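Inspection log for the structure reproduced underneath, given as structure tokens.
There are 2 protein chains.
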Amino acid sequence: MNQKLGRASIRLEQPVYILNSASVVGTKEGEGPLGLLFDRVGQDDMFGCRTWEEAESTLQKEAVGLALEKAGLRPEDISFFFAGDLLGQSMATSFGISAYQVPLLGVYGACSTCGESLALGAMSIAGGFADKAVCVTSSHFASAEKEFRFPLDYGNQRPLSATWTVTGSAAFVLGGEKGRKARARISAMTIGKVVDFGLKDSMNMGACMAPAAASTLEQHFVDFAGQPDDYDKIITGDLGKVGQRVLIDLLRKKGYDISEQHMDCGIEVFDAASQDTHAGGSGCGCSAVTLSAYILKQLEEGNWKKVLFMPTGALLSKTSFNEGMSVPGIAHGVVIETV
Amino acid sequence: MNQKLGRASIRLEQPVYILNSASVVGTKEGEGPLGLLFDRVGQDDMFGCRTWEEAESTLQKEAVGLALEKAGLRPEDISFFFAGDLLGQSMATSFGISAYQVPLLGVYGACSTCGESLALGAMSIAGGFADKAVCVTSSHFASAEKEFRFPLDYGNQRPLSATWTVTGSAAFVLGGEKGRKARARISAMTIGKVVDFGLKDSMNMGACMAPAAASTLEQHFVDFAGQPDDYDKIITGDLGKVGQRVLIDLLRKKGYDISEQHMDCGIEVFDAASQDTHAGGSGCGCSAVTLSAYILKQLEEGNWKKVLFMPTGALLSKTSFNEGMSVPGIAHGVVIETV
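Protein chains in written order, with our numbering: chain P, 1 to 339; chain R, 340 to 678.
Have a look at this one:
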């Protein structure tokens, strides 16, 4: 029953299906190129709440509720939640999904959390530990700026390498039985390690994370004896335009050319020119909502057959930043195929 | 291959062994009742570092290094790390164990993180997803006070319901083969949900967490059709003296009397009277170092045969506290038996 493969990968012997999913986003995301594909777009970014943190919790709550509704399931059908976010002590998760009263396994991988939650959720199903699992992650532009950078009221300038945190959450219902309308299938994953190139610029997180994406991707190719053209798309979470260039260059040096297959959720989710988002979108929500609204749709429609979904995370806190530490990265890859 | 049991539990079909473990603590813990049992006691609480956060990272690094050494393993023998801590964005973990270059699955369950990491680590082994895994968690008194409460220099008074965050880290090496000297065996677990009784006093976290411990414990008894006397000890992480009383009372109302079996790591780790720790010890490190140094020793020596190890977490951040939110709790139970 060994499903371990190579140094860091897993090939699932039991298929795990994404039974359904849902995405809820803020106004800016609703005005972006993927705007019409999201399940719900808020009227403003407060979602009827008092604080940004509560608004982010509400995003998670609504995404889970919608995903369950679309899958025709109730909370009591779900064995475990695998969930996390960017706020200190994952507060959006703790307050967002507690009302469902589902056992919770909290995860943290910065903006790679969506990939990590899918990997662990898929393991829980494939190992027979869970009947169904829900994986949910979120981010919110305003709560993230408050957590990591400056008060919004400062109106501080942002360099062109900076990304814009996506206000959004997506939830994915996983199960071992295909049912009638599973959206896609998870077949394998590669777990990333912390990669630290010593970069310290929290306004250029694409460059901080690209080495981690390159590391996980190279390991994935080694573990599966694979090549870039095994995939219709190799999809990172939020490298943005700067990080994309770094990733492609780093991999070229390793002998892999992914320039044909590479796509970045952060580049897709906003129209940088008209939306003033500079290098692209970012945050746990960025890859999650793009997976739910756009990537799974392409797989369902048969436009793509097999993708490597690999969200990237920048491992920083305001304390580590203020103490002069570097910004290491991490990236987890999940292979998602048509049903 | 269904290993799921009841609403929230898992019974492992493949045995998972704690091959070895190690604990590293600060000076105050070294002077406490368990002082002589820890593998390493620091000369001061800075562990040769510039900042408290780096010191906490060093605790994790040393605990992992020692545990690997005691198990006769190298980092490349370990499939995955399951790791987390209390700092914002789990920074002690990100900077503490990156040098080992082992794929990392970051987890967050506040002070329940040790239980969560063992549960997920055991699943990864029992499911055939990992050959060996290391689970590591930490806390540090000074970094936790800075993260959650007041600058130490204020010297603010602490009510008698307050606990003292343990400076310590423990790492556990899990594997599917017993080998010659496995310390114990993980046979089952019960995953907790978020339980919120609406309490808001961050200086009385025992009371905030006790309802979660009661919920997980009741669910555990229901799922396994079990009783308190199935266990030699039922061990919570850091309820302290106030939380212990609340837990025993809550469970009595549910028809379970655990007063004979209950033990709390926070009560064991310090001598409250002479060490001025009030209600007891707390933090991710509290249950972790007590498990490694004391609980596993009792199992090895045959004094106990089977325990339920159930660390408890208080889900708060300084932001949620300052915004007037409650302090919900969560608790994850892991059944640990003699080999």
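Backbone N, C-alpha and C define an ideal beta-carbon position, used for all residues, glycine too.
Just so we're clear, the structure is a prediction, and the values are computed from it rather than from any experiment.
- Looking at Y570/R, C453/R, K520/R and G411/R, the one whose alpha-carbon comes closest to that of S621/R is C453/R.
- For L120/P, the uninterrupted alpha helix (DSSP H) run begins and ends at T113 to A126, by DSSP.
- For the pair A347/R and T529/R, the CB atoms are nearer than the 7 angstroms cut-off.
- Distance from the CA atom of Y231/P to the CA atom of D249/P, rounded to whole angstroms, is 19 angstroms.
- In the DSSP secondary-structure assignment, Y356/R is bridged to G514/R and R524/R.
- The residue from S23/P, A119/P and K318/P with its alpha-carbon nearest to that of L86/P is K318/P.
- The C-beta of T51/P comes closer than 7 angstroms to at least one C-beta of chain R.
- Along the stretch 559 to 641 of chain R, the alpha helix (DSSP H) occurs as fully enclosed runs of 4 or more residues at 579 to 592, 604 to 608, 611 to 614, 623 to 629 and 635 to 639, listed in sequence order.
- Measuring C-alpha to C-alpha distances from G333/P to each of Y108/P, V339/P, S112/P and Q227/P identifies S112/P as the nearest.
- Residues of the stretch 311 to 331 of chain P that bring their beta carbon within less than 8 angstroms of a beta carbon in chain R comprise L315, L316, S317, K318, T319, S320, E323, M325, P328 and I330, in sequence order.
- Around the beta carbon of S613/R, fewer than 16 other beta carbons lie within 10 angstroms, which makes this residue exposed.
- In this structure, G594/R is the residue among Q583/R, G448/R, G594/R and M544/R with its C-alpha nearest to the C-alpha of V561/R.
- Minimum Cα-Cα distance from D610/R among the listed residues F563/R, H601/R and G579/R corresponds to G579/R.
- Contact between L59/P and A293/P fails: their C-beta atoms lie close to 14 angstroms from each other, not under 8 angstroms.
- Secondary structure of E486/R (DSSP, three-state): helix.
- In this structure, DSSP gives F81/P an extended state, which the three-state scheme calls strand.
- I186/P has a beta carbon lying at 7 angstroms or more from every beta carbon in chain R.
- By DSSP's assignment, R40/P forms a beta bridge with V24/P.
- When only Cα atoms are considered, A184/P and M123/P end up about 16 angstroms apart.
- In this structure, K400/R is the residue among R413/R, K400/R and E352/R with its C-alpha nearest to the C-alpha of A431/R.
- Within the same chain, S79 come within 6 angstroms of D131/P by CB-CB distance, once the 5 residues on both sides are set aside.
- In this structure, DSSP gives C547/R a helical state, which the three-state scheme calls helix.
- For T93/P, the enclosing alpha helix (DSSP H) stretches over residues M91 to G96.
- Residue contact check for G179/P against chain R: no CB pair falls below 7 angstroms.
- Residues of the stretch 413 to 427 of chain R with a C-beta atom less than 9 angstroms from some C-beta of chain P are E415, S418, F419, F420, G423, L425, L426 and G427, listed in chain order.
- The CB of P442/R comes closer than 7 angstroms to the CB of A8, I191, G192 and K193 in chain P, given here in chain order.
- K343/R has I349/R as its beta-bridge partners, per DSSP.
- Using a CB distance cut-off of 7 angstroms, G48/P does not count as an interface residue toward chain R.
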